[in-house]
Every structure is written in C-alpha cells, then in structure tokens.
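Okay, structure first, notes after.
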Amino acid sequence: MSAINNLQSPKGAKASSKSAKSIAILAVVLIAFSAVAVIQGATKVKLGLDLRGGTSVTLTPRASEGAKVTTEAIDQAVEIIRQRVNSLGVAESEVAAQGSGTNRQIVISVPGETGEKIVQLVGQTAELRFRQVLVEGAPNATTAAADPKSATLPSGVTPEMNAKFAALDCTNKANLQGGSTEAPDIAVVSCDRAGSAKYILAPAQVLGSMISKASAAIDQQGAAGWYVMVSFNGEGTSKFGALTTSVTGLAAPQNQVAIVLDGLVVSAPRINEAINGGSAQITGSFSQEEASNLANVLKYGALPLAFDQGEVLQVSPTLGADQLHAGLLAGLLGFILVFLYSFIYYKGLGIVTVASLLVASAITYLSFLLLGEWIGFTLTLAGIAGAIVAVGITADSFVVYFERLRDEVRDGRPLRSAVETGWAKARHTIIVADTVSLIAAALLYFFAVGGVRGFAFTLGLTTLIDLLVVFVFTKPLVALLSKLSFFANGSKLSGFSAKSLGLKIKTDGIENLKG
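When the letters of the sequence shown are read in order and numbered with the working numbering, they come out as residues 335 to 849.
Below you can see the structure in the form of structure tokens.
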C-alpha cells in the first residue's frame, strides 16, 4: 500500500502545484487589469438611460424634392440610425418608430449628457453627391455672371438658376443648416459649410450609394489634416472616372468637383487629372471627430428622408436611482441566499462557493469598468437582471461539481482522488449547460433591441466569467483544500462526514472515507 502511495505522491504534488499556479495567475491578471482600469480612469460603471437619465429626441420626417415619406422609408431610416448609434459605441440606446402609417416619428433615446449631440449626428441625412461646379461666387453675390455689366451667364446656367443663385444668401445661418435632399438629376444652388462661398452645381453624376467603404485618416505630413477616404463600387468607380475626366482641362471654376453632403458643399477641389482608381479623399478642415463622424454616416448609407428635430426630453435619473438600489438589493439577497444554502447543505465546502462568487463578482465588476471605457458599455436595469440570473448559473456549476465530488467519495475514493475524477465527470455537464446559456444570450442579443440586448449581453458575459472561474479558480481551490486534514478526514463540518454524505455506516466504514 505504501508503494502505491509513493507512486501517487509526485502526481499529487504536481497537481497541487498546478492548482496553486492557476490561482496565482488569475490573481496577477486581476491586479493587472485593475491597474489598467485605474490608469484609464475607469473607476465607475457607466449607467444606462433608465438608471442615470439621458436625452430622448423625436425626429419628424419631412418630404423633400425627390423623397416621399413612406412606411418603408421610415423603417429604413430607423435601421440606418440604429447602426450609426451602435457604431459610435453608445450602448443601451434605443431607436424606434412611433405612430402609424406615414405619420410616424422616430424616437432616439441616448443615456448620458451627450445624448442630444449624438442624436444630431445620427439624424444627418448623409446625402452625398459629387457635382461639377458651374459657378462659384461670394456668399452674397447677386448674379452668376462673371461680368455683371454684360450679364452673360456661364455655360449651363439658365436665368432661373441665376435668380436662385442671387436669392440665396450664404451669410444667413439659416441657410447653413443642411438637410436638403434635392433630386440628383437637377442642377442646384448651394452654400459651403462655412458660409464663405456659394455655388451653382451641375446634376450629380456620382452618388453616396455608390460608396463601398469610408474611413477617417490623417495626413502624415500634417498639411491636409484629417480627411475621409472613400472607396467606390464598380458603378461608382466608372462614373467618378468619367466625371473627373470630363472636367480636367476646363477653365476655373468648372474644372472643380464639389463634394456635397446634405445640400452643403464640404469641399470643391480642382481636378488636375482623371481619377480612375476607385477612391477619393473628402477634405474640408475636419477635426478628428468630424472626420470620424462623417465616415460613420457614409459607411452605413444615406437616410432616405430629411428630418426635423422635434421634442427634446431630459430623462430624470431619480427613478433610475430607485431602480438601481432595488436591483442591487435583489442581487445582494441572491448572493446571501446562495451563501446560506451552500453553508447549510455543503458546510465547509461552502467556502469554495463564497470565494468563487466573490472572484466572479470582482471579474464582472472589472469587466463593466473596462468595457465601459473601451466600447461604451452601459449598465441598465435589464443588465443587472442578467447579472442576477448569472448568479444562479454560477451556483449551478458549483452544485454539479460538488455533487459529482461527493458521489465519488461515497463510492469509497479518497478525497484527493475524488477531486480529479469528479471534475472529469462534472466539467462536461458544466460546459454544456453554460453553452446553452451562451446560445440563448447570443440569439437574444442579435435578434432583440433595446433593454433586452442589455440583458443578453450581461448574461453572456457573466456566463463566460462563470466558465473562467470554475476552471481556473473553483476546481484548483477544491484541489488545494482537499489536502487539508479538515476535509480529507471527513470532519463533521467539512461537508464530507458520513452524516453529510448520507452514509449510515459504522466507524470502520468511516475509516474507508479517510482513504
């Protein structure tokens, strides 16, 4: 018998060393990520609209030349706005249409103080046009003619267009709001974004719908600053090449191509040679934020309608604070009940449950802090509910392992051996159960909207944390505790006594439990 013990002891020592190393690595990782959170200033969990208040804005669609308000157009606008909001990393925002028929409005709710700014951004129609410049003049010019005395209009400019050009005053801020969605196949009169010039522009030959990709970049030399790089699809490449070819060599300003966004000229560069490569740069003295925002709205396509901003509501966080306290109280009660159950039923083994849940809670809290900083994650009441449900999932993993472990001890195995054999049988069940939860969370996240997505995200995150904790902390901790005589010898309060295991045997039977 001693020979067998001598053969087993190196293996047991190796397993103990591996368990201690696993727990030590987890501790180091937690300390490291905690330091990262402090360095990045992520010291508070970001709360969602229902917990800390925010901004709710109503957008009312309006018909414009070439665009009619239809149910399909509103639904398309909701989807595009939702994509834009999500791409900005604003978690737990809600975008929905309210009302019926063509009288519906789009309501955007964004948590935090920057909600109105974000709503204004995502509400841009982002109608991008590339138009040849026919006339460029001062912001308050009264005629398109190069020589007012001769009144000779440039080629392609009609008296009607000249009258519109004269009537448009680009020094008036009301004319610099944008939002225009004129039909692309007509000539238009437009101001530039700064109100420093106005233009008569030929019908558009290249549209924003022909863009396949958009991204913000900065001139490494620092001369052009931030700009937006756009790539065209096959049709766009062909038409942009034809447009730039046709204006090359013309006299100014007709050798310029204006880049028009929402009815305003962003820039009107001179074309020196044909551009047939399928890409172009949009410049216009952008800041980094402006370039990134423009690339974002172009990436997801133009809104099919123009919108007027309606009612703006500030959502009070008072009710949210009450909900937060209630949610935290529910979570605390859940923890206490799990702790009590563990100590009453598993006795000393309940230490593992408490320690594991505390580690899981620390990882979850740290995840909320860092994800809030990195991807804009915000915690909502629904998210708290997902975390509370995860407490039950984590406790279920403990129960599965503990019961397997106790079954092995009942069958006469020494505790140290039972730790390994019980784990080998329990881990498959734990993985399958958590995989089911992950699948459910993924389906809810991708097919639901609003608060349900917050519940799904938190449930999925905490389920992954459960797997991590069970594998790298719970099982190694049990392996280390099994070396203590308190557990190995089946003490009355260890959870492995004959009474705890339900064994009605005499003292000599207990000796078998001792191994």
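The C-beta atom is built at its ideal place from N, Cα and C for all residues, glycine as well.
Check: CB-CB length for V522 against I545, believed under 8 Å; Outcome: The pair is not a contact, with the Cβ atoms about 20 Å apart (cut-off 8 Å).
Check: DSSP bridge partner residues for M563 (one or two, in chain order); Outcome: S549, Q615
Check: Residue from I593, Q539, L632 with nearest C-alpha to L577; Outcome: Q539
Check: Segment limits, alpha helix (DSSP H) that includes I773; Outcome: 749 to 781
Check: Cut-off 7 Å between Cβ atoms - residues of its own chain near S831, not counting five sequence neighbours on either side; Outcome: G824, S825
Check: Three CB pairs or more closer than 8 Å across the stretch 667 to 680 and the stretch 751 to 770; Outcome: no
Check: DSSP bridge partner residues for T394 (one or two, in chain order); Outcome: D642
Check: N-terminal and C-terminal residue of the alpha helix (DSSP H) that A497 is part of; Outcome: 493 to 501
Check: Separation of R787 from T728, as counted between CA atoms; Outcome: 21 Å
Check: DSSP three-state assignment for Q342, whether helix, strand or coil; Outcome: Low local confidence applies: a pLDDT of 44 at Q342 is under 50, so the model's placement there is unreliable, with the coordinate-based value given in what follows. Residue state, collapsed to three classes: helix.
Check: The stretch 580 to 593 in contact with the stretch 494 to 502 per 3-pair CB rule at 8 Å; Outcome: no
Check: Q648, DSSP secondary structure in three states; Outcome: strand
Check: Which residues DSSP lists as bridging Y533, in chain order; Outcome: E470, S524
Check: Coarse secondary structure for E607, derived from DSSP in three states; Outcome: coil
Check: Bridge partner(s) assigned by DSSP for G440; Outcome: Here residue 440 turns out to be Ile, not Gly, going by the sequence shown. Bridge partners of I440: L393, A431.
Check: Burial state of A366, where buried means 16 or more other Cβ atoms lie within 10 Å; Outcome: exposed
Check: Inter-residue spacing [alpha-carbon to alpha-carbon] between S690 and S731; Outcome: 11 Å
Check: Check whether S353 and L814 have beta carbons under 7 Å apart; Outcome: yes
Check: Opening and closing residue of the alpha helix (DSSP H) in which A724 lies; Outcome: 715 to 744
Check: Straight-line Cα distance separating D642 from F781; Outcome: 29 Å
Check: Residue burial classification, A548 (beta-carbon count within 10 angstroms, cutoff 16); Outcome: buried
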